[in-house]
Amino acid sequence: MFDTKKLFARARAKNKTIIFPEAGFSDRTIEAVKILHKKKICNVILVGDESSFIIRDKSLLKFTIMNPKTCPLKSKLVKHLYTKRKEKGMTMEEAENLVTDPYYFATLLVDLGIADGMVAGAEASTARALKPALQIIKTGKKGQIASSSFLIFGKNEVIKNRTLLLADCGLNVCPTADELVTIANQTIDTAKIIGLEEMNVAFLSYSSKGSAKGEVPEKMATAASKFSRPAVVCDGELQLDSALCADVAKLKVPNSKIQGNANILIFPDLSSGNITYKAMQILGNMNAIGPIVQGLKKPVNDLSRGCSVQDIVILSAITALQAKEN
20 MFDTKKLFAR ARAKNKTIIF PEAGFSDRTI EAVKILHKKK ICNVILVGDE SSFIIRDKSL
80 LKFTIMNPKT CPLKSKLVKH LYTKRKEKGM TMEEAENLVT DPYYFATLLV DLGIADGMVA
140 GAEASTARAL KPALQIIKTG KKGQIASSSF LIFGKNEVIK NRTLLLADCG LNVCPTADEL
200 VTIANQTIDT AKIIGLEEMN VAFLSYSSKG SAKGEVPEKM ATAASKFSRP AVVCDGELQL
260 DSALCADVAK LKVPNSKIQG NANILIFPDL SSGNITYKAM QILGNMNAIG PIVQGLKKPV
320 NDLSRGCSVQ DIVILSAITA LQAKEN
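Numbering (this note's numbering), first residue to last: 20 to 345.
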């Protein structure tokens, strides 16, 4: 079983500051912030109007509260956003308007290093929560894609106590074979951050080692053949049961390098990945944390709108661990 206590302890040791753009209008976010403070997992910045926090709960005044409309840094943020986006046609007036948006405001504070990371999405779509980060923070390498993964854990007869990472379930609609290799490498980086020691990567399809033909199995087999990472076992293309079930793997792919023990699952497209994680969560009663965004220069993470308070706490700890040392 995934050990959240160890995750929290490691995040606590980093002493990072996470900003929450939805704190002003999300009760779940506020409850999560209280837990983060009580357990000393990270420092927090709440975005919103101070008067609204007083009405809701005066104890929230102990936290740093930043109002996009009255923030002393507003002019600096406007100039920073304009500089970042002027080549894309943004005007100074547009920058002034966007800075008052809580998602843009929080993202700018992360980009400037005032906050170490951001967690949002409990009250907004992935596109709404992540668009500013993709425009402002961008990826670590020019031309590189950002991707996302879901942390899956819980009691299940098939995977036992195995912790899984599923990718990409939130960003890339139909990645190429080369992009799938990038997604796999980014997901391995995430696995290391959350503390997974053993990493077995499966590139998934509706075919196991040529049992069926088609563009998708060919793409996944190509990605598997291109993938290379020291100390990481990889196989593909594999069906989900061949990747996760040792008994099935013995029958379908007796020579598989993973032998049914995959814990990093790479999907051929967004539809298959998104449907699978939701099926595991709803039908399998598994915990699903994410999407954990991968490949950005600084951590900005998204939540499913169906997230629980505990989901927000866990993703905040992961965000703190993603943050680089100053």
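Beta carbons: idealized from backbone N, C-alpha and C, even for Gly.
Everything numeric in this text was worked out from a predicted model, so none of it was measured.
Using the C-alpha atoms, what's the distance from residue j back to residue i?
i           : j           : result
residue 125 : residue 343 : 18 Å
residue 229 : residue 239 : 11 Å
residue 123 : residue 246 : 35 Å
residue 20  : residue 31  : 21 Å
residue 282 : residue 299 : 14 Å
residue 91  : residue 85  : 9 Å
residue 127 : residue 187 : 25 Å
residue 241 : residue 196 : 6 Å
residue 102 : residue 317 : 18 Å
residue 163 : residue 77  : 44 Å
residue 27  : residue 52  : 14 Å
residue 181 : residue 33  : 26 Å
residue 301 : residue 49  : 25 Å
residue 249 : residue 215 : 15 Å
residue 110 : residue 275 : 55 Å
residue 100 : residue 193 : 30 Å
Apart from the five residues just before and just after residue i, which ones in its own chain have a Cβ nearer than 7 Å to its Cβ?
i           : result
residue 209 : 168, 184, 311, 313
residue 55  : 61, 63, 332, 335
residue 119 : 87, 88
Is residue i helix, strand or coil when you go by DSSP?
i           : result
residue 27  : helix
residue 144 : coil
residue 211 : helix
residue 33  : helix
residue 250 : coil
residue 220 : strand
residue 321 : strand
residue 165 : coil
residue 312 : strand
residue 204 : helix
Quick one: what's got a C-beta closer than 6 Å to residue i's C-beta in the same chain, skipping five residues either side?
i           : result
residue 308 : 170, 330, 333, 334
residue 130 : 155, 156
residue 205 : 166, 313, 314
If the criterion is Cβ atoms closer than 8 Å, does the pair residue i and residue j meet it?
i           : j           : result
residue 140 : residue 152 : no
residue 243 : residue 234 : no
residue 212 : residue 135 : no
residue 79  : residue 96  : no
residue 264 : residue 200 : no
For residue i, which residues of its own chain have a beta-carbon under 8 Å away from its beta-carbon, when the five flanking residues on both sides are left out?
i           : result
residue 262 : 221, 223, 254, 268, 277, 279, 281, 284
residue 266 : 279
residue 272 : 227, 228, 254, 257, 261
residue 352 : Nothing about residue 352 can be read from this structure; the chain reaches only from 20 to 345.
Can a CB atom of chain D be found closer than 8 Å to the CB of residue i?
i           : result
residue 153 : Among the chains in the structure shown there is no chain D, since it carries only a single protein chain.
Exercise. Where are the beta strand (DSSP E) runs, 3 residues long or more, that stay fully inside the stretch 45-77, in chain order?
Worked result: 62-66
For this session: Mind listing, in chain order, the continuous beta strand (DSSP E) runs of no fewer than 3 residues lying wholly within the stretch 81-143?
Result: 83-85, 136-139
Problem set entry | 4 or more residues per run - each alpha helix (DSSP H) lying fully within the stretch 285-309 | 289-301
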